[in-house]
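Under the UniProt record's numbering, the first residue of the sequence shown carries the number 1, and numbering increases by one thereafter.
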Amino acid sequence: MKKSILLTCIIFFLISCKNNNPDSFLLKGSIEGVNHGLAYLKYTIEGENQWVEIKDSAKIESGKFTFEGKTKTPSFATLVVNDVNIRFFVEPSKIQIKILNDSLNSFDVEGSKTQKEYELLFNEDLKALSKEFIHVQIKPDTSVEKKRVVDAIVKSQKEFIMKYTDSYIAPQLIRDLLFSKMINVKDARYLYMYLGDSLKNTLRGKDVDYYIQGKENTQIGSVAPDFSAPDIKGEVVKLCEYRGKYVLLDFWASWCTYCIEGMTHLKKIQEKYKNKNFAIIGISKDDNKADWINSIEKYELNRWSQVSYVQSFDAHSLGMINRDDINQRYQVNGIPQYYLLDENGKIIGSWFGYSESNKQNMDKMLDDIFMNK
1 MKKSILLTCI
11 IFFLISCKNN
21 NPDSFLLKGS
31 IEGVNHGLAY
41 LKYTIEGENQ
51 WVEIKDSAKI
61 ESGKFTFEGK
71 TKTPSFATLV
81 VNDVNIRFFV
91 EPSKIQIKIL
101 NDSLNSFDVE
111 GSKTQKEYEL
121 LFNEDLKALS
131 KEFIHVQIKP
141 DTSVEKKRVV
151 DAIVKSQKEF
161 IMKYTDSYIA
171 PQLIRDLLFS
181 KMINVKDARY
191 LYMYLGDSLK
201 NTLRGKDVDY
211 YIQGKENTQI
221 GSVAPDFSAP
231 DIKGEVVKLC
241 EYRGKYVLLD
251 FWASWCTYCI
261 EGMTHLKKIQ
271 EKYKNKNFAI
281 IGISKDDNKA
291 DWINSIEKYE
301 LNRWSQVSYV
311 QSFDAHSLGM
321 INRDDINQRY
331 QVNGIPQYYL
341 LDENGKIIGS
351 WFGYSESNKQ
361 NMDKMLDDIF
371 MNK
């Protein structure tokens, strides 16, 4: 009898520990009009210096379903039920979601603090501004209407960041504002300083810090971040070994049509200044090594050094983050992106995109440099 009681206590203790795991969440859902089927849940969690994607499924029985999972930090999850995609935050807690069978696919989430913060931020006013922005974004930055909308969006999101300094949403807001050029690098760093220390120490917080650093380090007048990266033969190319030369960094990819178009211009530049103190380094943003190598051979791009923006394709494909990767140090979003460095490694020219205007500006700068050399 004593053994039976002891065994029961042990089982109860283990179950209690399982349910009270500080990193676990329990998601219970209900959906109107769907009695049976499958629900699919996808979310990304913070691993040891890497992002890990989790996929799970659960049976729908009598319109109800349950998921159990683990995540140390909030994650913006995607729930697919009856071909309907629903985005919301999961985090370590007991969460309930009720999905209504209406034309808007409405849903209500309880138990997720971050989801409530998200709903507070993206209220009806901000939704209306976002719709306005879609219509005015093609207008010039000097447009009074565009400036009004952008200023209102920035004001709303800045106020949220400075009030909810421990919200997991805040770092991503800073990144998105900087990425969309609604704020400058200085403002992004200022807002980042408001974040709580625990938030800064999350993988999301660190990622945004590195993103801001990358933008800070690639401003005109900054010394370009040094890097060591493998070429197609596996030999290491070091930027520091190019000191004493003018260097054009070309960020490109095999799948980028404008990048490939721009190669004809780069070949002309390389031919024109091949006997001068000048070099080009191509930096590929390809995620597939074979695509990268095949493009170099196809378009005859081995006339100058070609390196990858990651140290390891395999590690990168697994979501592992290497802060020594070029993509971490430069944080280039769109391509083609060109940086011209002087003999001391300082950035003296920066051009985004392939256009006639950029070609002319690049040519003029190079002509001015080498005219008397």
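Yeah, the Cβ is synthetic: ideal placement off N, Cα and C, and Gly gets one too. Since the structure is predicted, the reported quantities are computational estimates derived from the model, not experimental observations.
Classification of residue i by the beta-carbon crowding that lies within 10 angstroms, buried from 16 upward
i	result
R175	buried
P74	buried
L38	exposed
I11	Any reading at I11 must be qualified, since the residue scores a pLDDT of 47, below 50, and its modelled position is unreliable; the value itself is stated next. With fewer than 16 Cβ atoms within 10 Å of its Cβ, I11 is classed as exposed.
I5	Residue placement at I5 cannot be trusted, given a pLDDT of 49 that sits under 50; what the coordinates show is reported in the next sentence. Per the 10 Å Cβ criterion, exposed.
Y330	buried
S295	buried
I15	Low confidence applies here, because I15 scores a pLDDT of 47, under 50, leaving its location unreliable and the question unanswered by this model.
D263	In the sequence under discussion, the amino acid at residue 263 is Met, which differs from the Asp named in the question. So M263 ends up on the buried side.
N35	exposed
M193	exposed
G221	exposed
Q311	buried
M362	buried
Y164	buried
G349	buried
G33	exposed
G234	exposed
V144	exposed
A253	buried
S180	exposed
8 Å contact criterion, which residue i and residue j should meet: CB distance rounded
i	j	result
I86	N105	7 Å
G69	F107	No, G69 and F107 are not in contact; Cβ-Cβ is about 18 Å, not under 8 Å.
Y168	L199	7 Å
A170	L195	6 Å
Y309	L249	With 8 Å as the limit, Y309 and L249 do not qualify as a contact, their Cβ atoms being about 11 Å apart.
K55	A77	Contact doesn't hold; Cβ gap of about 11 Å is too wide.
V109	F88	5 Å
F251	V332	5 Å
L340	M365	7 Å
R303	Q270	6 Å
Own chain residues within Cβ distance below 7 Å of residue i, not counting five before or after
i	result
K359	H265
K158	L191
Y258	P336, G353 and Y354
Opposing strand residues paired with residue i [DSSP bridges]
i	result
G37	I60
I97	G29 and V109
A224	BP columns for A224 are empty, so no partner.
G69	F25
Q337	F251 and F352
W51	E46
D231	V307
N85	V80
Y246	F278
K131	In the DSSP output, where bridge partners are listed per residue, K131 has none listed.
K238	S228
I347	L341
Contact set for residue i: own chain, Cβ-Cβ below 6 Å, skip 5 residues either direction
i	result
R189	I212
D23	K70, K72 and P92
I99	I31 and F107
D209	none
L178	A188
E53	T44
K267	none
S57	L38 and Y40
Y299	M263
Own chain, CB closer than 8 Å to residue i, minus 5 neighbours either side, in chain order
i	result
V237	S228, A229, P230, D231, I281, S305 and V307
C240	D226 and G345
E261	Y354
K147	D141
I321	N49, Q50, W51, L203, D207 and Q328
I153	L126, L129, S130, F133 and M182
E343	R243, G244, K245, Y246 and N277
Q172	R204 and V208
Contact between the segment 238-258 and the segment 210-219: three or more CB pairs below 8 Å? No: the two stretches stay apart, fewer than three of their Cβ pairs being nearer than 8 Å.
Measuring CB atoms only, is the segment 48-68 touching the segment 124-143, in the sense that at least three cross pairs come out at less than 8 Å? No contact exists between the segment 48-68 and the segment 124-143.
Quick check: the segment 283-290 against the segment 353-372, are there 3 or more CB pairs under 8 Å? Contact between the segment 283-290 and the segment 353-372 is absent: fewer than 3 CB-CB pairs across the two stretches fall below 8 Å.
Whether or not the segment 27-41 and the segment 75-85 are in contact is what I'm after, with contact meaning three or more pairs of Cβ atoms, one per stretch, closer than 8 Å; do they touch? Two segments are said to touch when three or more pairs of C-beta atoms, one from each, lie closer than 8 Å; by this definition the segment 75-85 touches the segment 27-41.
Count Cβ pairs between the segment 135-148 and the segment 111-124 that sit closer than 8 Å; are there 3 or more? The segment 135-148 vs the segment 111-124: no contact.
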